[in-house]
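In this note's numbering, the protein residues as written are 256 to 510.
Idealized CB from N, CA, C, for every residue including glycine.
The model shown is predicted, which means the values in this text are computed figures rather than measured ones.
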Amino acid sequence: MICTVLIIGVAALGSVWPSVALSEELTIAAASDLNFAFKDLVAEYEKKTGVHVKLSLGSSGNFFSQISNGAPFDLYFSADIRYPQKLGEAGHALPGSLYKYAVGRIVLWTPMESKVDVQKGLDALADPAVKKIAIANPKHAPYGRAAVEAMKYFKVYDRVKDKMVLGENVSQAAQFIESGACDIGIVALSLALAPSMKTAGKYWQIPIESHPPLEQGAVILKNAKNKEAAKQFLEFVRGSEGQEIMRRYGFTLPG
């Protein structure tokens, strides 16, 4: 995941924050795998700066389409760096603001009470007890595409494709399993490590070589109304406190 071109004083983190337009809120469009990590990040950022953050979570592809059509966000955090790269190429992003913030992982997850043995890996999806498998929609969700590629890599896709239930994004796919609507699914490690899911289920981490890397990227949008706060939030994500929160949720960090 490519580049970091924001010239911002990371050393200033935890000491003196630059003054921003506190009366303006910061609007962030973020991939749904960031659900729990970003709620923690946003809470800490708001506490440090007083800037109100309006966080919208969804599929990276849907946000890409919305932003391409003028949706008014300040910052875009995608689960696939190619989307913010394309926004930059199309003139929708602030030049030099592209930042590779993490690499994500996928896991096979099932409720704790399930009799299905997730330690069998993706072969567990072919278990007769498994009637419905949740994944994110691969048409617009990077984690859904990774799930499909992993199933093909382990040669189970053709055996289980008729069992699949598609969530609008990876967070919704996780909700399908948690609610009992699906028996098992492939979701983001960052969701599986959230306190609620960690205690409710069990997971098997899918080998990273089974799918293209989930390189995740962020960009400040050209028409952002609060560019200074956007730069400041990216600085926070890049700083020690932000990096620690991202590690806690299983993300591999750049560098």
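Per the DSSP secondary-structure output, L310 pairs in a beta bridge with I283. Straight-line measurement puts the Cα of N290 at about 12 Å from the Cα of S451.
Within the DSSP bridge table, the entry for F488 names no partner.
For S451, the secondary structure class from DSSP, reduced to helix, strand or coil, is helix. Straight through space, the alpha carbons of K387 and A436 are spaced by roughly 8 Å.
The count of Cβ pairs closer than 8 Å, one atom from the segment 459-471 and one from the segment 366-377, reaches three, so the stretches are in contact. Non-local C-beta neighbours of K341 in its own chain, meaning closer than 6 Å and more than five positions away in sequence, are absent. Secondary structure note for G456: its beta strand (DSSP E) is the uninterrupted segment G456 to Q460. Per DSSP, reduced to three states, the secondary structure at P366 is strand. Note: V420 is bridge-paired with A389 in the DSSP secondary-structure output.
From the listed residues H395, P393, A391 and V371, the smallest Cα separation to A384 is found for V371. For A473, no alpha helix (DSSP H) encloses it; the enclosing beta strand (DSSP E) starts and ends at L469 to I475. Of the candidates Y338, N317, L349 and G399, the residue whose Cα lies closest to the Cα of D329 is L349.
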